[in-house]
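Chains as they are written, first to last, in the working numbering: chain A, 20 to 726; chain B, 146 to 811.
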Amino acid sequence: MGANENSSAKPRVRPIVRIGIFLISHSNIVSLICFLAGVLALLLLPVLAKNTYISENALMPGSANNMLSTHQVSDASKFIKDLTDLEFRSTTSPIESQKLIAQYMSALDAEVTFHKFYPQFSQFHPPHFFTSSDSGLIAENGTCSSFGINTIGIIRAPRGDGKEAIVLVTPYNPNKVGLGEAVSLGIAYSVFSLLSHVTWLAKDIVWLVADSQYGEYPAVAAWLREYQAPVFHRVDEINRETCNASTTFNELGQGLYLDGKLNSDFRRAGTMAAALVIKVAEQGNQYEDSLNIYAEASNGQMPNLDLINIVNYLAVHKQGLRIKVKKMWSLLDSRWLNALGVIFESLGKIARSLNPQWKFGIPATEYVEGAATLASSLYYQGLGVPTGPHGAFRDYQVDAITLEISPKVSLTKVIRRDEFILRGGRLIEGVIRSINNLLEKFHQSFFLYLLTSPSKFVSVGVYMIPFALLVAPLPILAAYLHANASNSTPQIPSASEVDVRHKSWKWLNSARKVLVTHLWGVVVSLLPLVLCRIPNTTLTLNFVLWGLLSAFSLLILYLILGCPIFEAAGSQHEKNKWASLKSVTISTTFIGLSLMSVINFATAEIGALLIVPICLLARPLKLDIQARSWRTLLRASCNIALGFVVFPPISFVLLTGAFEDFYGINVGDYWNWVESLWAWNSATYLYVGVVHLPCWALCIHILFHPC
Amino acid sequence: MGLPPKATFPLSLLLLFFLFLVLSTSAQQEEFSEELLLKPLPDRKVLAHFHFQNEAPLAADSFARHHHLFPKSISQLVQKFHIKAMELSFTQGRWNYERWGGFDPISSHNAKPPGVELWAVFDVPLHLVDASWRNLTHSLSGLFCTSINFLESSTAYSSPEWAFQSALGSLRYGTLPREAVCTENLTPWLKLLPCRDKAGLSSLMDRPSIYRSFYHSQRLHLTMSSAASDGSRSGIILEQTLTVVLQPNDQNAGMSNVGEIKIQPSWSLSSIFGRKISGRCVLAKLSNVYLHADRGLVAQLETSQKNTAHFATNDTGPEDFRRNSGFELSVAPKRVLKELDKSSSVLYEYPIKEYKDIEQFDLGLMWEHPIVWSSPHAPFYASRFLVGSGNERGAIAISLKSTEMTQQLVANNIEDSCKLQVNVLQVVPWYVKVYYHTLQLLVDERPQVLTDFIERMRVSPSEDKVSPGMMELVLQVPCAMKSAVLSIEFDKGFLHIDEYPPDANQGFDIPSAIISFPDFHAGLQFYDKSQSKSPLLSKLQEKSPVLSYTEVLLVPLTTPDFSMPYNVITITCTIFALYFGSLLNVLRRRVGEEERLLKNKDAKKGVFLRQVLTNLSAKLRGKPLESTPSVSSSSSSSSSSFVSPKLILRVLLVAGIAIAWQYYSQ
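Here you go:
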C-alpha cells in the first residue's frame, strides 16, 4: 500500500524492511500462497519421507544367532496349558493365576515379587499437566475393595553391575484368561527362561505381568510410580487398616517363600533402558503373521526411532513377520488422495526423465498408504493420549513400545501355536539382545518424527515446513490490518495530541476484548472440574450443562469486564474496529499455535489447519453482503461454513467420523473425549480450551460485527 | 678358578654356612601361605575363596634389599608412600547379599562394589597425605594395568573419618565403579605370588572359568603387623584374595519342574575350574583347602539326620564326615572344625601335603538329597535406588529392611530399649548436587525427626569440580524396626563439554554406599584344638564389623549432542546475532528523527552522497570496471522500486542458463 509509493521519497530503506513492507502490503496474496503451499507441503510429506536406518552402531540387531529353541517353547507351552487350565477349574480363587506365574518365575531362579495397587477411578483430578502426578492424591481415590496385583520377576545379569534394566510387560487379566493373553505370557516366559541362564546379559531383565482387570495402563503406571517415585510415608493410614483386612494378598505368598526367592518388599533393578509391551491379538489377519507397533505416548511423545527400527528390522528380516503401524482406513480408498498420488507419481516421472538423479515421487498406492499412516500418526500424536501401556514409560523418559503380534490362524492348535511362540520369542529375544548391547541410552536417532510406514519416517526438520508455512501469514496479515487500521484514521483532520495518543493505543481496546475472551476460554476449560462433582448425570446432560454454563459465563464476563467494549462501539472509528480486533486475534492465535507446536507439534499442525483459514478469511458478514459481488458472497459463505466446522464439538465429530466412523456418535461422546483428554493430562485439552475456542469465538464475533 | 681345591672347600663351606644363616633368619620371618575355601551356596552355586598371605619383616634397610618371597614392588610401595594399611579390590558382578549371605566374614571382607575400590591409610603428616595418595594411585595403576590413576583427581576420592575403617588415621577412599575388570588385572596380581599360577592352589585359576563366574573379586590387602612387645611396626602383611562364585554344570538344568525342589548340582574342583590341584607351592608354609558348610546347611542336615542317625559328634573319625544325609565328599577331610555354638557351621580341612599319595587333589561334593537352606543375613538388608526422573532433579533413597536376624534379636530381647547402630557412608560426585538439608528418615513408613535417630553426622559438601560430597551417619535404630528409608534430594548439575567422559549418554555413576553394623561381628568361633597358625582361619575368626555395600546407581545427566557441536554453535550464534542485532536496531534507532534528517540531507547533498557511494564501489571493484559506475549507479537507483522488469528478466535468464546447463551436462 502506501509504503511502497513512499519508498521513493525515503531514499534509503533497508532491504529487509523493504521486503517486510512488500510482504505486508501484499498480505492477501502472500497469505493465500503461504496457506496453499502449507497444505501442499503437508500433502507432500509422504513423498518426502526417508527410509529408516539404524543410527546407533552399538545395537547390532540380528548379528547374533537366536538362542531360543523349541526347548523353551515347550516349557512355555506347558505354562500356557497350566494357565488356561486354571480357568476350567471350579475352585479357583482370583489370585491362583498370579501364584502360578510366580511359581514358574521362581523356578527359573528369578526374584519374584508382588505389587499390590489400587486403581484410580476418578477421572477429573485437579489438572497437573507436565508435572509428575502426586501419588498421594491418587492413593486417596482408590478404594480398598478393588485392587490389582502385579507379578514381577527379575533376572539379575550374572556379571552385570545392575545399573540398568530392560522391562518386559505382559498385560494380563486374571479374572478372564483369554488365549491371546495366555500366549503373550507364554512368549514372555519363553524369553525369560532363556535369559535366566544366558551368559551375555549385561542388564537386568524385569518381567512385569500387569494385572489388567482395571485396564492395562493403570496397572503399568502404578508399578512405574512405585518404581520411580515411591511414597515412603503412607497418608491413608485409616485406609490401610481396612485394606489390610483383605487377606487375599497376604495369602498369596503362602508356600512361595522358598529359599528367599519371593520377596515381600518392592524390588528395583536400576535405570530402565527400554521397555517392551507384548500383546497377542486373538484373531489375526488371514494372510500371515503380523506385528502391530504402537508407539505414541502422552502429548505426542515418541520413543526413539531406533527402538522401532530394531523391531522393524528383526521382524522383517529375521522372523518374516509383516509389520504394521496404525493407518487411517477411511483415507485408503479416498479418490482425491489417489488422484493426488497419481499426480505426484507422474510429476516424479517427469522429474526423473529430466534428471535421473532426482529421486522424487513414489508409486500412487504407496503414496496413499503413506498418507493414511501419516494422518493416523498425526492424529494419535495430536490427541495426546497414549495408545497403550507403553505410554506410562514415556512419562519417566523410558523408551517403550507395544508390540501386538497377531497370528495367521487360530491359536488353539498347539503345533501352530508353538511355532508362533518360537517366532514371537525370537523377535523379542533379538530386540532384548540389541538393547542389551547398547552401552548408552537411546539417543542417536530421532525423537521427533512422524511415521509414514514402519520403515519410513518424516523427521522434524521436514514436517516443520508445512506448519511454518501455515502460520506464516498470520503475523503478516496482523501487521497489515494494524497498519491499515492506524493509517486510515489520520484522514480525519485532527492534529490534537489526545487524538494521536488515542489512535496509537486504540488496539489496546481490542486487546482487552481478546483477553476477556481468552479468560472465558480458561473458565470454560475449568468448568468440567465443577461439573464432575454433580452426582447422577448422564454424559449428554453434562455436555448440555457445560454448554449452558459456558454461554452464561461468557455473558457474565461481558457484563463485568466487557462493558467498555460496548460503550466504545458507538465511537467514530467503528469501521476499523473489526480490523483492529482481527489483527489482535490473529496475533494471539499465532502465539498460541507457536507455543503449542513446542509442546505437541501434531496438535498445533491439526489446529493450524482448522483455525488458520477462518482467521485469515474472517470479515464482517454485513460488509460482505453489502458489497454484493460474487466474490464477497463466496467469502461470506466460506466464512459461515468454516465458522461452523471449527466449533470444537463439531470438528471433533468430523474428525472422529473421519478416523473411526460416524455410526453412533452422540453429543455425550464429546464429553467423554474431553474427560479422557483431561484424564491423560493431554495438552490438547488446554489448547482447545485456551487457544482454539476463544479464537473461534472471536472470529464469530468478527463475522457478526455490527458495522 | 685359580684357587687350589684345598682352599676352596672351607671357603665354600663358610659361604654355605652364611647363606644358610641368612636363609634361616629371613625364612623365619618371611612367610607365605596359600589356602582355598570352598562353600556351597543356597542358590546352587559354589563360592571359591583363594587366600594367599605373605609376610615380611620390615627392616630399616629393606628398601634396597631383596626379599625371598615377598614381592619387592609392594615393599617398595610401602616404604615409599609410608602406607599404614591399604586395600585394593577389582570386582566384577554383584554380591548377592540375600542369597549368598551377608553376615559371614567372607561377605563382610570380600564382597566389594563393582569396579575398583581403593583405600589407603598413610603414616605421613596431614598435609602430605594427598600427595602420597596421588603418587600411590599412579604407582598402582602402573602395577595393575588399570586406570586407578583416575582416582588421583580430587573429585574422585574422599576422606571419611569414622564411618568406614575407623581409627586408622588419615584415610583416603576412592572408587571407580565403571572400571572393567579383566585377566590383564589378574596377571600382575598373580605375579606377586611366589609360585605365580605355576604351582599350588593358584594353578586352579583357569581364566575362562574364573571370568565366567557370577561374581569375581580380586583383592589386595596390606597391613603392618605390630610386634607384640612394643606395638611398633615390625612387618608387612600382604593378603591377596580372589573370591569367585561359580555355577557348577547342572546335568538336570533343563528340567524345570515347577513347585518341586531341585537337587543341588554336584561338583568337584575339576568340574568347576576345569583343573585339579597337582601339588602345593613348595614355598608355602601352609597349603590347605577348606570346605565350609554354613549354619543353615548344617541345621538342615541335622534335622534330616535326626530321623536316621546321630550326626557329626566330635568323637567320630574323619571318615564319617565324608558321608552324611545330605552330601558325600569324594575325599575324606583331615580335620573337622566345628563352631562353638550349638547350631553352628562346620569346616572341613584338607592339607594338600597330606594328600601326596593321590596323584592330583580333586575335592568333589555329591548331593544326595535336595536341601533348601539360607545363608545368614546381615541385621538389615540395605538397598539403594534413585527416585524421580528427568534431567533436573531426583533423590537418592537408601532403604533398610529387617531380616530374620533382627527378628530373632527382638524375640530374644525382653525390654524394648534395644537399639542397633547403623553406620552409613555415602559419597556422591560433585555433579550430583545433594541438598543435605533435605535428608529425611522414615522409620516404618512414618517420617521421623532426624535428631532422634542420628547419633553422629558428618557432612562435607561437594565443591564444584574440586571435591565430591560425603556424608557419614551414625544411626541408632530400634531393633523392632521393620524398615527404614533415608532419602536425600539432589539437583543434576551441568558439566562443561570437555568434562564429559566417553559414552556420557549412559549416565553417571554414584558409587556404592557403605552400610556397616558395628554392633555385630562377623566372626566364626571355631573350636580349634591344634594351634595351627592358619591365616585364613584367623581371618575367619577375627571379629570385624558386618559391612555391606549397596548398588551402584546410574544417574542420567543432561548431555549435549556431541555429534554436532559445530552445527549447534553456528545456529545459536546466528539466532543470537539476528535477535540482538534487530533488538539493538529497534532500541537504538529513532525512526522519525532519522527520516527527518535524511530528508534534509537528501535535499541538500543527496547528489554528493550518491557520488561518494559510486566512487567507493568503483574503488572496490577495481580499475577494469571503471566504465561501469554510471551503469551500476543507474541500476541501483532504478532498482529502488522492488520489482523491476529488468531484474526479473535477469533472474529468468540466469535460471534458464542454469537449467539448460544442468540438463545438457547429464
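For each residue, glycine too, the CB sits at the ideal point set by N, CA and C.
C-alpha distance - residue i paired with residue j, whole-angstrom precision
i                 : j                 : result
Ile342 of chain A : Val335 of chain A : 7 Å
Glu232 of chain B : Asp654 of chain B : 21 Å
Leu1 of chain A   : Ala677 of chain A : As shown, chain A starts at 20 and ends at 726. That puts residue 1 of chain A outside it, with no answer to give.
Arg279 of chain B : Lys182 of chain A : 29 Å
Val186 of chain A : Lys257 of chain B : 27 Å
Ser657 of chain B : Phe107 of chain A : 50 Å
Asn712 of chain B : Phe251 of chain A : 45 Å
Ala383 of chain A : Thr604 of chain A : 40 Å
Tyr499 of chain A : Arg37 of chain A  : 14 Å
Val210 of chain A : Trp355 of chain A : 47 Å
Val330 of chain A : Leu457 of chain A : 15 Å
Pick from the options that is closest to residue i, judged by C-alpha positions
i                 : options                                   : result
Leu527 of chain A : A:Leu600, A:Ala126, A:Leu469 and A:Gly360 : A:Leu600
Lys346 of chain A : A:Leu397, A:Val202 and A:Leu422           : A:Leu397
Val481 of chain B : B:Val567, B:Pro680 and B:Leu436           : B:Leu436
Tyr495 of chain B : B:Asn433, B:Arg538 and B:Leu570           : B:Asn433
Gln463 of chain A : A:Asn328, A:Val710, A:His45 and A:Tyr689  : A:Asn328
Gln409 of chain B : B:Lys421, B:Ser348, B:Arg420 and B:Gln392 : B:Gln392
Leu373 of chain A : B:Arg189, B:Leu181 and B:Trp806           : B:Trp806
Gly540 of chain A : A:Asn331, A:Gly708, A:Val479 and A:Glu423 : A:Gly708
Asn685 of chain A : A:Met615, A:Thr557 and A:Ala570           : A:Thr557
Glu634 of chain B : B:Pro187, B:Gly246, B:Ile802 and B:His582 : B:His582
Ala530 of chain A : A:Leu496, A:Val542 and A:Ala598           : A:Ala598
Leu586 of chain B : B:Ile543, B:Pro187, B:Leu723 and B:Gln571 : B:Ile543
Asp636 of chain B : B:His196, B:Thr703 and B:Phe725           : B:Thr703
Trp348 of chain A : A:Ala394, A:Gly360 and A:Leu310           : A:Ala394
Buried versus exposed, by CB contacts within 10 Å (16 or more), residue i
i                 : result
Trp377 of chain A : exposed
His514 of chain B : exposed
Asp609 of chain B : exposed
Ile720 of chain B : exposed
Asn194 of chain A : exposed
Cys718 of chain B : exposed
Arg317 of chain B : buried
Gln651 of chain B : buried
Ile579 of chain A : exposed
Asp648 of chain B : exposed
Val549 of chain A : exposed
Met709 of chain B : exposed
Distance cut-off 7 Å: residue i Cβ against heavy atoms of the ligand MG
i                 : result
Ala623 of chain A : The ligand MG is not among the ligands present in this structure, which contains no ligands whatsoever.
**Message:** Please list, in chain order, the residues of the stretch 346 to 380 of chain B that have any C-beta partner in chain A closer than 9 Å.
**Reply:** Tyr356, Arg357, Ser358, Phe359, Tyr360 and His361
**Prompt:** Of all the residues that make up the stretch 398 to 430 of chain A, which are near chain B by a beta-carbon distance shorter than 7 Å?
**Reply:** Tyr415 and Gln416
**At least 3 beta-carbon pairs within less than 8 Å: the stretch 215 to 234 of chain B vs the stretch 320 to 337 of chain B** = yes
**Message:** Taking beta-carbon pairs under 9 Å, can you tell me which members of the stretch 164 to 191 of chain A lie near chain B?
**Reply:** Arg175, Ala176, Pro177, Arg178, Gly179, Asp180, Gly181, Lys182 and Glu183
**Request:** Could you name the residues of the stretch 224 to 241 of chain B whose beta carbon sits closer than 8 Å to any beta carbon of chain A, in the order they occur along the chain?
**Result:** Gln237, Gly238, Arg239 and Asn241
**Prompt:** Touching or not, the stretch 688 to 696 of chain B and the stretch 596 to 603 of chain B, by the rule of three or more beta carbon pairs under 8 Å?
**Reply:** Touching, no, given that fewer than three Cβ pairs across the two stretches are closer than 8 Å.
**Prompt:** Just checking, does the stretch 267 to 275 of chain B make contact with the stretch 223 to 232 of chain B on the three C-beta pairs under 8 Å criterion?
**Reply:** yes
**Request:** Determine which residues of the stretch 367 to 400 of chain A have a Cβ less than 7 Å from any Cβ of chain B, and write them out in chain order.
**Result:** Leu373 and Asn374
**Prompt:** Can you list, in chain order, the residues of the stretch 222 to 248 of chain A whose Cβ is nearer than 7 Å to any Cβ on chain B?
**Reply:** Gln247 and Ala248
**Asked** Relative to chain A, which residues along the stretch 666 to 697 of chain B have a C-beta separation below 9 Å, given in chain order?
**Response** Glu696 and Val697
**Message:** Closer than 7 Å between beta carbons: that is the criterion. Which residues of the stretch 453 to 464 of chain A meet it against chain B?
**Reply:** Leu458, Glu459, Lys460 and His462
**Prompt:** Any contact of the stretch 287 to 305 of chain A with the stretch 217 to 228 of chain A, i.e. 3+ C-beta pairs under 8 Å?
**Reply:** yes
**Request:** Evaluate the contact criterion for the stretch 116 to 132 of chain A versus the stretch 167 to 174 of chain A: three or more CB pairs, one atom per stretch, below 8 Å.
**Result:** yes
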